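Numbering (the numbering used here), first residue to last: 115 to 515.
We put the beta carbon where it would ideally sit given N, CA and C, even for glycine.
Predicted, not measured: the structure shown is a model, and the values here were computed from it.
Below is one structure, written out as structure tokens, with a few remarks after it.
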């Protein structure tokens with residue numbers, strides 16, 4: 115009788131979890147454990163006294179739009195979503211590499227910089243068909259075991275204003291490639307044009323029919339953004355979709371007074387609706403700490419990376435935590451740490467992943483950086499010397515291995 119294969123324990127020695135004393139982190143079967151199991155084969159990795167920090171989660175990114183690694187694209191002035199959308203189509207036609215190649219390049223870079231999971235949006239529109247969905251899905255397949263990917267079929271061109279999008283969303287929902295259906299500004303951008311119909315009714319029906327989640331972009335401010343938010347909450351409760359609906363950006367929430375914010379937070383928490391923010395500016399970043407105190411899950415994301423909307427972005431979630439801290443004028447250690455936790459724990463909770471807190475029983479997902487303490491790392495942005503996923507070294511010095 116053939117004996118069972120030996121278990122392997124990977125011992126990362128001389129590492130400093132968060133800012134504690136140097137010790138070992140032991141990974142077995144993708145989890146951290148207190149000690150090496152009897153009889154296990156042992157592999158050792160020298161941590162060199164580096165700081166060990168959890169890997170991060172990008173809760174909102176658009177890999178299909180990126181020109182990362184492509185020839186420079188000069189952007190034209192754009193005013194309003196419709197003009198940005200036209201720029202998306204122009205850029206997509208100009209780039210030599212297909213979606214799968216560009217998305218893989220960007221997502222690999224993100225993983226090498228410490229991203230363990232992401233929620234990726236891919237445009238679904240007559241201009242592309244399902245090529246964006248298929249390209250990002252292919253990139254995700256090739257990165258299996260390195261970065262977990264939730265894929266959203268996103269109607270950037272509008273469901274109501276653009277004929278054919280609703281049918282493409284239905285095709286995407288039935289494809290088995292996506293985990294979420296998206297939506298966009300039902301009271302603003304997608305209430306315009308010659309189309310007829312109810313965007314929220316369409317996307318909620320698809321989600322319910324196919325057992326998918328929802329992730330709806332709300333850029334509108336004031337009542338034009340708040341009214342759809344209340345509608346989304348009501349539909350979520352009515353269909354029993356609590357815990358499966360997210361709203362991205364939610365700029366209207368960022369502008370609320372304290373009393374209005376608490377009331378809105380209670381509405382969202384009661385409906386089990388989560389939010390994502392991308393730290394664009396001091397006027398648009400969500401007050402995530404107050405929202406979390408009221409029971410609302412909030413994640414942080416990259417949004418677009420070097421696309422037609424902006425030449426900026428790098429898919430580095432540690433840098434995105436820095437941007438959140440900068441937007442909030444963070445000064446205290448606890449404020450800087452909160453921005454890191456938003457990128458680590460907030461995103462993990464939103465995607466339904468276990469927290470990588472470097473304790474026994476948690477996922478062996480961490481990165482080693484040359485730093486003194488967590489607040490200093492957020493500010494100084496050191497390189498990722500080592501990235502570990504499920505106990506396996508997947509990147510060294512910013513490159514996948």
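Of the residues the options, the one placed nearest residue i, counting alpha carbons only
i: residue 164; options: 485, 492 and 182; result: 485
i: residue 335; options: 303, 359 and 312; result: 303
i: residue 385; options: 467, 374, 360 and 254; result: 360
i: residue 241; options: 294, 203 and 226; result: 203
i: residue 497; options: 312, 235, 504 and 513; result: 513
i: residue 466; options: 152, 399, 173 and 429; result: 173
i: residue 299; options: 459, 282 and 329; result: 329
i: residue 246; options: 393, 258 and 211; result: 211
i: residue 417; options: 390, 411 and 219; result: 390
i: residue 181; options: 207, 281 and 413; result: 207
i: residue 279; options: 296, 495, 292 and 254; result: 296
i: residue 409; options: 260, 378, 507 and 422; result: 378
i: residue 325; options: 339, 354, 312 and 337; result: 354
i: residue 470; options: 231, 483, 195 and 199; result: 231
i: residue 131; options: 495, 490, 511 and 482; result: 482
i: residue 494; options: 151, 439, 178 and 459; result: 439
i: residue 492; options: 508, 457 and 472; result: 457
i: residue 237; options: 509, 343 and 200; result: 200
i: residue 154; options: 120, 184 and 166; result: 120
i: residue 113; options: 489, 276, 406 and 290; result: The chain is shown only over 115 to 515; residue 113 falls outside these bounds and no answer can be derived.
i: residue 285; options: 317, 405 and 437; result: 317
i: residue 176; options: 515, 461 and 428; result: 428
Counterpart residues of residue i in DSSP-defined beta bridges
i: residue 266; result: 235 and 294
i: residue 127; result: 160
i: residue 221; result: Answer is none; residue 221 lacks a bridge partner.
i: residue 477; result: 145
i: residue 502; result: 480 and 507
i: residue 414; result: 391
i: residue 190; result: DSSP, once it has assigned bridges, lists no residue as partnering residue 190.
i: residue 155; result: 122
i: residue 166; result: 131 and 482
i: residue 514; result: 509
i: residue 229; result: 170
Segment limits, alpha helix (DSSP H) that includes residue i
i: residue 388; result: Note, residue 388: premise wrong, no alpha helix (DSSP H); beta strand (DSSP E) at 387-391.
i: residue 183; result: Element bounds for residue 183: n/a, residue is neither H nor E.
i: residue 350; result: 337-352
i: residue 490; result: 488-494
i: residue 305; result: From DSSP, residue 305 is part of no alpha helix (DSSP H); its letter is neither H nor E.
i: residue 402; result: 402-407
Supposed close pair residue i, residue j - CB separation, criterion 8 Å
i: residue 250; j: residue 213; result: 7 Å
i: residue 102; j: residue 170; result: The first residue shown for the chain is 115 and the last is 515, placing residue 102 beyond what the model contains.
i: residue 464; j: residue 411; result: 5 Å
i: residue 414; j: residue 434; result: 6 Å
i: residue 195; j: residue 508; result: So it is not a contact: roughly 36 Å between Cβ atoms.
Enclosing beta strand (DSSP E) for residue i [first to last residue]
i: residue 362; result: 359-363
i: residue 138; result: 137-142
i: residue 433; result: It is not in any beta strand (DSSP E) - residue 433 instead sits in the alpha helix (DSSP H) that spans 431-441.
i: residue 324; result: Segment 313-324 is the alpha helix (DSSP H) holding residue 324; no beta strand (DSSP E) there.
i: residue 327; result: 327-332
i: residue 172; result: 170-175
The ligand MN heavy atom lying under 7 Å from the CB of residue i
i: residue 180; result: The model depicted lacks the ligand MN and carries no ligand whatsoever.
Self-check item: Three-pair Cβ contact test at 8 Å for the segment 315-328 versus the segment 359-379
Solution: yes
Quiz item: Is the segment 399-412 in contact with the segment 324-343, if contact means three or more CB pairs nearer than 8 Å?
Solution: no
Exercise. Decide if the segment 133-152 is in contact with the segment 475-494; the criterion is three or more beta carbon pairs, one per stretch, under 8 Å apart.
Key: yes
Practice problem: Take every Cβ of the segment 339-348, pair it with every Cβ of the segment 362-378, and state whether three or more of those distances are shorter than 8 Å. | Solution: yes
Quiz item: Is the segment 281-297 in contact with the segment 259-272, if contact means three or more CB pairs nearer than 8 Å?
Solution: yes
Quiz item: Does the segment 185-194 touch the segment 501-510, meaning 3 or more C-beta pairs lie closer than 8 Å?
Solution: no
Quiz prompt | Touching by the beta-carbon criterion (3+ pairs, under 8 Å), the segment 121-128 and the segment 448-456 | solution = no
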